[in-house]
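Here is the structure we will look at, set down as structure tokens.
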Amino acid sequence: MSPNPSCSIPSFSNSKGFGELPQVPEPPLLIKDLGPFFHENEGVGLAVLGDPISHSISPQLHNAALKELSAKDKAFKGWRYDKIEVSASQLGDALPSLAELGYRGINLTIPHKVEVLPLLKSVDEEALAMGAVNTLVWDDNGWSGRNTDGYGLEEGVHQDLGVRLQDSSILILGAGGAARAATAQCLLRGCEKVWLGNRSLDRLAGLTDALGNLFESHRIRTFSLSDLPPEIKSLKDLLVINATSLGLRQKDPSPVDLSGLSSSTRVYDMIYNPPETALLKDARHRGMRSANGLSMLVHQAARSLEIWTGETVSSSAMFKGAREAMAHPDE
1258 MSPNPSCSIP SFSNSKGFGE LPQVPEPPLL IKDLGPFFHE NEGVGLAVLG
1308 DPISHSISPQ LHNAALKELS AKDKAFKGWR YDKIEVSASQ LGDALPSLAE
1358 LGYRGINLTI PHKVEVLPLL KSVDEEALAM GAVNTLVWDD NGWSGRNTDG
1408 YGLEEGVHQD LGVRLQDSSI LILGAGGAAR AATAQCLLRG CEKVWLGNRS
1458 LDRLAGLTDA LGNLFESHRI RTFSLSDLPP EIKSLKDLLV INATSLGLRQ
1508 KDPSPVDLSG LSSSTRVYDM IYNPPETALL KDARHRGMRS ANGLSMLVHQ
1558 AARSLEIWTG ETVSSSAMFK GAREAMAHPD E
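If you count the sequence shown from 1, position 284 lands on 1541 in our numbering, and the numbers rise without skipping.
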């Protein structure tokens, strides 16, 4: 399939992109410094927008995959992926400016995933259910929104832990945007029931109210992280997903006590740096199969690139780019 820079897309609480710790100190681009590079060079621009954004390793993932694509099809030789610092107050002006400069695909991170919604011509149903957008596509009518975070989680869990969301009993930790995206993905995929746990029950109530407008309320159960429901402890197909920020810092405690859970429990932490959080260390010591969120990062990125290019993207190049970026953060 030939590249389609004007591909058309048919017509969460804020997701914090957990795991995105400072990694690559090279400075991001600024809107005021951009010129019409792509118009002059017949290329196509892709980018991630955020504030802060200097930490992002997304360019290493995408440019590694674009290099592989361009080796197979010369039509992609002019494509590149940048990181651009855009504040919340700049976003409304930045999107049309980037389109004029030749950017046709955008990823969004802090603080734009929710705030961008009223600026878009259309948003697909899954992104609406998740309450956030992380992928934009330009066509002649404007920017359209998608969300590939849920897809990334689903594929990451399957790759690393060998299970599908719909075949598991799901326990999600957190009540923010990442938890909403994870819960929505599980419910959209047909999970009969999802347990949501958080330290703040008030915040949890807000999340369940929002999800209750989209899904049957009996499919969502809530609890305090200090008091696991007894029925969870006997489950043999339990999948625990950490969607909290606990673990980003080396001294952070685990968000939940895994004692009493079956050793067949699987644990997935959306955080990918540090590669082993207190939660994952506890899971390993208890003989539970576990994984960090690097696979989620890569699969959501690969899905975004497939949307923009119309091509099947191999995740292997992206994994290589991610591991190189994390192994050599000062380069």
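Don't be surprised by glycine CBs; every beta carbon is placed ideally from N, CA and C.
For residue i, the first and last residue of its enclosing alpha helix (DSSP H)
i	result
Lys1340	Lys1340 -> not in any alpha helix (DSSP H); beta strand (DSSP E) instead, spanning 1336-1342.
Asp1406	1406-1418
Ser1354	1348-1358
Val1555	1551-1566
Val1371	1369-1372
Distance CB(residue i)-CB(residue j) smaller than 7 Å
i	j	result
Glu1377	Trp1395	According to the sequence provided, residue 1377 is Leu. The question's Glu does not apply to it. Their beta carbons are not under 7 Å apart, which means Leu1377 does not touch Trp1395 by this criterion.
Ala1432	Asn1455	yes
Ala1500	Leu1422	no
Val1451	Leu1482	no
Leu1551	Tyr1529	yes
Met1527	Ala1435	yes
Leu1365	Leu1303	no
Ile1477	Leu1485	no
Option nearest residue i by Cα separation, candidates the options
i	options	result
Ser1516	Glu1568, Gly1407, Met1545, Leu1418	Met1545
Ser1426	Ala1435, Ala1432, Gly1447, Gln1416	Gly1447
Glu1383	Tyr1408, Leu1464, Asp1350	Tyr1408
Ile1489	Arg1437, Ala1574, Arg1523, Gly1302	Arg1523
Leu1358	Ala1579, Ala1321, Ile1288, Asn1499	Ile1288
Lys1370	Leu1393, Ser1354, Glu1473, Glu1568	Leu1393
Val1343	Leu1374, Pro1284, Pro1309	Pro1309
Asn1549	Tyr1525, Gln1416, Leu1318	Tyr1525
Thr1479	Val1414, Thr1465, Gly1469	Thr1465
Residue i, enclosing beta strand (DSSP E) - first and last residue
i	result
Gly1302	1301-1307
Gly1434	No beta strand (DSSP E) holds Gly1434; the alpha helix (DSSP H) holding it covers 1434-1445.
Tyr1393	A small correction: the amino acid at residue 1393 is Leu; Tyr does not occupy that position in the sequence shown. Note, Leu1393: beta strand (DSSP E), 1392-1396.
Ile1498	1495-1499
Leu1453	1451-1455
Arg1543	That residue, Arg1543, is in no beta strand (DSSP E); it is neither H nor E in DSSP.
Thr1479	1477-1481
Leu1428	1426-1430
Gly1402	1399-1403
Presumed contact (8 Å Cβ cut-off) between residue i and residue j, rounded CB distance
i	j	result
Met1583	Ile1314	7 Å
Leu1374	Ile1363	That belief does not hold up - the Cβ atoms of Leu1374 and Ile1363 are roughly 14 Å apart, past 8 Å.
Own chain, CB closer than 7 Å to residue i, minus 5 neighbours either side, in chain order
i	result
Ser1519	Leu1492, Lys1493, Leu1495
Ala1386	Ala1441, Leu1445, Leu1471
Pro1531	Gln1507
Ala1535	Gly1504, Asp1509, Pro1510, Ser1511
Glu1372	Ala1345, Leu1348
Ser1572	Val1555, His1556, Ala1559
Asn1398	Lys1378
Glu1588	Here Glu1588 scores only 49 on pLDDT, less than 50, and its place in the model should not be relied on; the value that follows carries that caveat. Within the same chain, Glu1588 has no close Cβ partners at all.
Asp1539	Ser1511, Leu1515
Proximity test, residue i beta-carbon vs the ligand GDP heavy atom, cut-off 6 Å
i	result
Arg1476	Questions concerning the ligand GDP fall outside what the structure shown contains, since it holds no ligand whatsoever.
Cutoff 6 Å; reference residue i; Cβ partners in own chain excluding five residues on either side
i	result
Pro1279	Note that Pro1279 scores 36 on pLDDT, short of 50, meaning its location in the model is unreliable; the coordinates nonetheless yield the value given after this. Answer for Pro1279: His1312, listed in chain order.
Gly1578	Gln1317, Leu1318, Ala1321
Ala1574	Ala1321, Ala1322, Glu1325
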